[in-house]
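1 is the number of the first residue of the sequence shown in full-length UniProt numbering; add one for each residue after it.
The beta carbon of each residue, even a glycine, is placed where N, CA and C say it ideally should be.
Reading through the structure tokens given below for one structure.
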Amino acid sequence: MNVDKIVARQAAYYANDAQDWANSAHSVLFPRMTELLDLELPKHNRYAVCNLRGGIGKSTLTFNLAYDAGDVLAVDTCPQANSTSFFTQGSPANGTTIYDALLPYLLPRMSFPSGIAQKVEGHNSYFDGKGAYFVPSSPNLYEFPSIMESALSQARGIPGESDRAITQILNSMRDLLDRECRKTDTRKVLIDTSPFFSGATHLSWHAVDSLIVPVRTDQQSVDSLKLLLELLQNKNRSFLRAQQGLDLHEPKVQMVVLTHCGWSTRAGAQYEPNNQTKVYLKKVKQVITDNIDCFTTDDPDNHIVPLDDFLGTGRIASAKQIPIKCLSPQQSFTIGGQRVTVNDSVTKCQRQLSFISQNIWA
């Protein structure tokens, strides 16, 4: 499985200018840097960041893409509330949660809350002037799948109205986003999802245009990517089974972001993946090739973006609730009683985040 184009693209967006690229060994195989940096992906306005596994960077990626996007509504549907904590800089989130906002769609006698989305800059000063909003999570989301399944079961039993009732439930997140985007005058949406599919993640898939899937460089993450793709296309699994016979939106995958990548330290191999990263680049490309109908284009190389040193820089950004774009090399922080320093690779992460942003938003 050839990953030369993916590696060359990495080198292209690391290059400071055209001359840097011209001096790169990759320019021999791929002479035009501008063509490499345009993935020719269809651009959308609404994305869910998801993978059916925890600890792979979903919340950190959501937080940083939201900062880069600016004009965005970020929704935290994971009961662990990590991205909520990032947006509030670790303070408790007051006000209406996504659980509160969705419950009236499932329990019709409940009234719909008002003033759901909150301005991020009111909680996190790094977002001043960004025009970004967020809807906080709730630990009650652990109970949401059973409530949703009960509501769907009741809807199926309504004579002559079951299709309409089921559609209303499954489109509840989409309806909520429509209302909140109008109120906040935002057009971009990012949803941070939980490691389990049932409940709010299910509703998020119907609500967004496309998916962004972080995958760590380990076999368990690759296996969870396979499971996600099976859910998207297997009519016997819960996502398609629940909407059988209904005209509901089914998202495709825009991008797989391979996190925690490492690169060779061998002299003259500045942009060469180390052996572990190369193994997982090939594994992920094979999975995408085998399931290309689940993606927004028919070229697997379009959909893989390696993210450098997300563990180090991302850990600092997450612990201090600071967007990666706001970190500088050699900046020092105390985390857990230890002094840590931002290394020079933060500039690579910043360029990678810019590259992701320029290839997703309409």
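Reduced DSSP secondary structure (H/G/I, E/B, other) of residue i
i, result
"D128", "coil"
"H123", "coil"
"F30", "coil"
"T341", "strand"
"S332", "strand"
"R9", "helix"
"P113", "coil"
"R241", "helix"
"P251", "coil"
"T217", "coil"
"N140", "helix"
"D17", "coil"
"K226", "helix"
"L203", "helix"
"P104", "helix"
"K235", "coil"
"A22", "helix"
"T84", "helix"
"Q89", "coil"
"V3", "coil"
"T96", "coil"
"L353", "helix"
Beta-carbon proximity of residue i to residue j, cut-off 9 Å
i, j, result
"L73", "A132", "yes"
"D209", "N45", "yes"
"A12", "L211", "no"
"Q254", "T296", "yes"
"T97", "P136", "yes"
"I316", "L307", "no"
"I147", "V257", "no"
"Q244", "K235", "yes"
"G57", "T259", "yes"
"V3", "L177", "no"
"L231", "S172", "no"
"H206", "E272", "no"
"N51", "P159", "no"
"T186", "D20", "no"
Inter-residue Cα distance where the pair is residue i and residue j
i, j, result
"I166", "F239", "13 Å"
"T277", "Q219", "12 Å"
"L330", "F63", "The question names Leu, but residue 330 in the sequence shown is Gln. So the two alpha carbons sit approximately 22 Å from each other."
"S138", "D38", "38 Å"
"A25", "V287", "28 Å"
"R216", "V222", "8 Å"
"K5", "Q168", "44 Å"
"L248", "L225", "23 Å"
"S345", "P300", "27 Å"
"I116", "L246", "29 Å"
"P79", "L141", "5 Å"
"Q89", "Q321", "5 Å"
"C349", "I324", "7 Å"
"D17", "M33", "10 Å"
"G129", "V28", "43 Å"
"S150", "L61", "33 Å"
"S264", "Q338", "28 Å"
"K342", "R241", "The sequence shown places Val at residue 342, rather than the Lys named in the question. Near 47 Å, if we compare the C-alpha coordinates of R241 and V342."
"L41", "I292", "14 Å"
"L65", "Q352", "11 Å"
"M110", "N94", "20 Å"
"S204", "S198", "10 Å"
"F127", "F112", "28 Å"
"V279", "V7", "13 Å"
"F134", "F196", "21 Å"
Residue i at chain C interface by Cβ criterion, 9 Å
i, result
"S357", "Going by chain labels, chain C is absent from the structure shown, which holds only one protein chain."
Opposing strand residues paired with residue i [DSSP bridges]
i, result
"Y133", "L73 and K119"
"S264", "Answer is none; S264 lacks a bridge partner."
"I212", "V49 and M255"
"W361", "H44"
Closer than 8 Å: residue i CB and nearest the ligand FAD heavy atom
i, result
"S357", "Looking for the ligand FAD in the displayed structure turns up nothing, as the structure carries no ligands at all."
List in chain order: all unbroken beta strand (DSSP E) runs of 3+ residues lying wholly within the stretch 37-81. 46-49 and 72-76
Run through the stretch 145-199 for me and flag every whole beta strand (DSSP E) of 3 or more residues, listed as ranges in chain order. 188-192
Report the residue ranges of all alpha helix (DSSP H) runs contained in full by the stretch 268-329; include only those spanning at least 4 residues, in chain order. 275-290 and 310-320
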